[in-house]
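Colleague: Below is one structure. I have some questions about it.
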Amino acid sequence: TGAGDRSSVVDLNAYHSFAQHAGIMMNYSYANMDGNILNSIEVGFGYFDSLGQNFGFDIYGTAGYGSLSILYANFLTGEEIDWGSTSVGRFAFQPSIFYSARHFEAGIGVRLHYLTYDEFPEIYEPFATHNSLMLEPTLKLALGWPAVKITFQYVYSEKLNDGYLDFDNATA
Numbered sequence: 007t008g009a010g011d012r013s014s015v016v017d018l019n020a021y022h023s024f025a026q027h028a029g030i031m032m033n034y035s036y037a038n039m040d041g042n043i044l045n046s047i048e049v050g051f052g053y054f055d056s057l058g059q060n061f062g063f064d065i066y067g068t069a070g071y072g073s074l075s076i077l078y079a080n081f082l083t084g085e086e087i088d089w090g091s092t093s094v095g096r097f098a099f100q101p102s103i104f105y106s107a108r109h110f111e112a113g114i115g116v117r118l119h120y121l122t123y124d125e126f127p128e129i130y131e132p133f134a135t136h137n138s139l140m141l142e143p144t145l146k147l148a149l150g151w152p153a154v155k156i157t158f159q160y161v162y163s164e165k166l167n168d169g170y171l172d173f174d175n176a177t178a
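Mapping of the sequence shown onto the numbering used here: position 108 corresponds to residue 114, and the numbering continues sequentially without gaps.
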């Protein structure tokens, strides 16, 4: 959803199995993309099952809502100008397979992620795409206790549809 040289993302995730093969998940995401801030929350439901003693698969679908605050950085003065914000809808479908042991999990998956934005500040409208379809391969590593694990996940995002949201093309 942003362009530039610096990005940082924090995701907080919680999962709970409410039935033998069904679970609910909740995600909070904070992303800082060269000063453009995305905050969102997602809720999802999924199915999981084993593929032998230590292997398994899961399929989750999520829906969420958030906001994207857009800043313009004047590189000559260092001043950041708030150009407004837009609401963001998020929808995803993610199947994955994993290996699970008592204190360790590792997995791979692929997420199909759809993002939709309401309105952009007027200066971005010639450049902005209001809908983005992303293909996101994922790698996951989790360490901890049988019921609670800390998860590290790598996600690569590739935009599948035409258009772009490139903050670097707008000028004041």
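Ideal Cβ placement from N, Cα and C applies to all residues, glycine included.
1. Where does Ala-148 fall in DSSP's three states?
2. Which whole runs of the alpha helix (DSSP H) in the stretch 73-105 are 4 residues long or more, in chain order?
3. Can you tell me whether Ala-178 is helix, strand or coil according to DSSP?
4. Tell me, please, whether the stretch 59-75 touches the stretch 93-100 by the rule of three or more beta-carbon pairs shorter than 8 Å.
5. Find the nearest neighbour of Gly-20 within the set Ala-28, His-27, Asn-33, Gln-26, judged by alpha-carbon distance.
6. Any chance the stretch 141-153 sits against the stretch 112-126, with 3 or more Cβ pairs inside 8 Å?
7. For a test of the three-state rule: what should DSSP assign to Leu-141, helix, strand or coil?
8. Going by beta carbon distance, what residues of the same chain come within less than 6 Å of Gly-181, once the five residues before and after it are set aside?
9. With burial defined as no fewer than 16 other Cβ atoms inside 10 Å of the residue's Cβ, what is the status of Ala-25: buried or exposed?
10. According to the Cβ coordinates, are Phe-158 and Tyr-105 closer than 8 Å?
11. So if DSSP puts Asn-19 in a beta bridge, which residue, or which two residues, is it bridged to?
12. State the beta-bridge partners of Tyr-120 as determined by DSSP.
13. Going by CA-CA distance only, name the one from Ala-153, Leu-77, Trp-151 that's closest to Asp-88.
14. Please return the same chain residues whose Cβ sits closer than 8 Å to the Cβ of Glu-86, not counting the five positions on each side in sequence.
15. Label Gln-100 either buried or exposed according to how many other C-beta atoms from any shown protein chain fall within 10 Å of its C-beta, with 16 as the threshold for buried.
16. Which stretch, first to last residue, makes up the beta strand (DSSP E) that contains Asp-55?
17. Under the three-state reduction of DSSP, which class applies to Ala-69: helix, strand or coil?
18. From the DSSP output, in three-state form, read off Ala-107 for me.
Modeller: Inspection of the coordinates gives the following:
1. For the purposes of this step, residue 148 is identified with residue 142 of the sequence shown, where counting begins at 1. In the structure shown, Ala-148 sits in a strand (DSSP, three-state: E or B).
2. none
3. Position 172 of the sequence shown, counting from 1, holds the residue named residue 178. With a pLDDT of 36 at Ala-178, under the threshold of 50, the predicted position of this residue should be treated as unreliable, and no value is reported.
4. A contact exists between the stretch 59-75 and the stretch 93-100.
5. On the sequence shown, position 14 is the one that residue 20 refers to. The amino acid at residue 20 is misidentified as Gly; the sequence shows Ala. Comparing Cα positions, the closest option is Asn-33.
6. yes
7. The residue labelled residue 141 in the question sits at position 135 within the sequence shown. Leu-141 falls in the strand class under three-state DSSP.
8. One cannot answer for residue 181 here, as it falls past the ends of the chain, which runs 7 to 178.
9. For this step, residue 25 is matched to residue 19 along the sequence shown. So Ala-25 counts as exposed.
10. The sequence position of residue 158 within the sequence shown is 152, counting from 1. The sequence position of residue 105 within the sequence shown is 99, counting from 1. No. Outside cutoff.
11. As a working note, residue 19 is residue 13 in the sequence shown. BP columns for Asn-19 point to Asn-33.
12. The residue you call residue 120 lines up with position 114 of the sequence shown. In the DSSP output, where bridge partners are listed per residue, Tyr-120 has Phe-97, Leu-139.
13. Residue mapping note: residue 88 aligns to position 82 of the sequence shown, counting from 1. Considering only alpha carbons, the answer is Leu-77.
14. If you number the sequence shown from 1, residue 86 lands on position 80. Correct list, in chain order: Gly-41, Leu-77, Tyr-78, Ala-79, Asn-80.
15. Here residue 100 corresponds to residue number 94 of the sequence shown, with the count starting at 1. When all chains shown are included, Gln-100 counts as buried.
16. Taking the sequence shown and counting its residues from 1, one reaches residue 55 at position 49. Residues 42-56.
17. Counted from its first residue, the sequence shown places residue 69 at position 63. Ala-69: strand per DSSP, three-state reduction.
18. Within the sequence shown, the letter at position 101 stands for residue 107. Looking at Ala-107 - three-state DSSP - the assignment turns out to be coil, as it is neither helix nor strand.
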